[in-house]
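Here the structure is laid out as structure tokens; the discussion comes afterwards.
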Amino acid sequence: MSQEKPDLFWQFLDNVLEDPQALANSTDKDDYNLAMRAASSLLGSQTKLDLLKFSLALRAYSPAVEMQQQIATIEVGTFDCSYIVDVNGKKTCDIRHVEDHLSADGDWKPPAVYSVDHRFLKENSGGKKIILYADVHIPQFKEVHCFLKNLATTRALDYILRFSTKNRRPSKLKLSGYSVELAIKSTEYRAQDDSKIKGVNASDGADWTDEEVNLNGFNFQLLK
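Position one of the sequence shown corresponds to residue 1 (the UniProt record's numbering), numbered consecutively onward.
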């Protein structure tokens, strides 16, 4: 969605969060159907929606999703919280402490920003950074997200959203086209010079006799 238009992702997320209860106990199929409904009103055409479905079927965005998960594991993997907010390098599990961290004096250590990050207001990229690590399925997600979004607007902050999941499935993700051998049969036509092909000697091969093979009266040695 963000590749189509930077602001489109945030509109898409707002559409998804219209019914937080639907996300609480949703299955993978429920999430997919919800995402398609949220995207259909924004993309504007069935062709673009079909292209999105095709990209998801190919798992084209799975490496970016996995990269966000690995970043979250490295940065906040030791925190036992449903969500974590990184306030310009200072981390908290409670949004009530965010403004205290913003007002605190001291040296700021702004976190690194990556191309896969979802940035709410790029024009505030020079301001202090607040990063939310959370799963969209948690009950507090909408409240925390709206709070940080409003804070970024009023205080010119660089709000970044990184999705992360605490309870991941043990099965590994298989990407289309990876670790698969593609064997292509050669269809090139190769001409041969018949004059260089040696003839087959009639005496070569088996000696057909009535004593060796019973062919019901047929003698192939007499057939020419």
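Every residue, glycine too, gets a C-beta built ideally from N, C-alpha and C.
Buried versus exposed call for residue i [16 or more other C-beta atoms within 10 Å across all chains shown]
{"i": "F54", "result": "exposed"}
{"i": "R119", "result": "buried"}
{"i": "S164", "result": "buried"}
{"i": "Y133", "result": "buried"}
{"i": "M1", "result": "buried"}
{"i": "K149", "result": "buried"}
{"i": "residue 227", "result": "This structure cannot speak to residue 227, because the chain is shown only from 1 to 224."}
{"i": "V113", "result": "exposed"}
C-alpha distance - residue i paired with residue j, whole-angstrom precision
{"i": "I131", "j": "S115", "result": "14 angstroms"}
{"i": "R59", "j": "V65", "result": "10 angstroms"}
{"i": "I71", "j": "K109", "result": "17 angstroms"}
{"i": "L13", "j": "I74", "result": "25 angstroms"}
{"i": "K90", "j": "Q46", "result": "44 angstroms"}
{"i": "T154", "j": "I95", "result": "16 angstroms"}
{"i": "E123", "j": "D31", "result": "31 angstroms"}
{"i": "L161", "j": "D117", "result": "7 angstroms"}
{"i": "S41", "j": "D7", "result": "14 angstroms"}
{"i": "Y83", "j": "E4", "result": "28 angstroms"}
{"i": "G126", "j": "Q69", "result": "25 angstroms"}
{"i": "C93", "j": "R37", "result": "32 angstroms"}
{"i": "N167", "j": "A104", "result": "33 angstroms"}
{"i": "F9", "j": "D135", "result": "16 angstroms"}
{"i": "L182", "j": "V76", "result": "Note on L182: pLDDT 49, under 50, position unreliable in the model; no value is reported."}
{"i": "N15", "j": "K142", "result": "11 angstroms"}
{"i": "S179", "j": "T27", "result": "Below a pLDDT of 50, predicted positions are generally treated as unreliable, and S179, at 49, falls in that range; the measurement from the model is reported next regardless. Whole-angstrom Cα-Cα distance: 29 angstroms."}
{"i": "M67", "j": "F79", "result": "19 angstroms"}
Whole-number beta carbon distance between residue j and residue i, since they are thought to touch under 8 angstroms
{"i": "L43", "j": "L52", "result": "7 angstroms"}
{"i": "Y159", "j": "L121", "result": "7 angstroms"}
{"i": "A24", "j": "H137", "result": "7 angstroms"}
{"i": "L49", "j": "A39", "result": "6 angstroms"}
{"i": "P111", "j": "D86", "result": "6 angstroms"}
{"i": "L17", "j": "V98", "result": "The Cβ separation is near 19 angstroms, so there is no contact."}
{"i": "N88", "j": "K128", "result": "4 angstroms"}
Threshold first: 4 residues or longer. Then list the alpha helix (DSSP H) segments lying entirely within the region 52-136, N to C.
Every alpha helix (DSSP H) stretch that sits fully inside the region 52-136 and reaches 4 residues is listed by chain position as 62-76 and 98-103.
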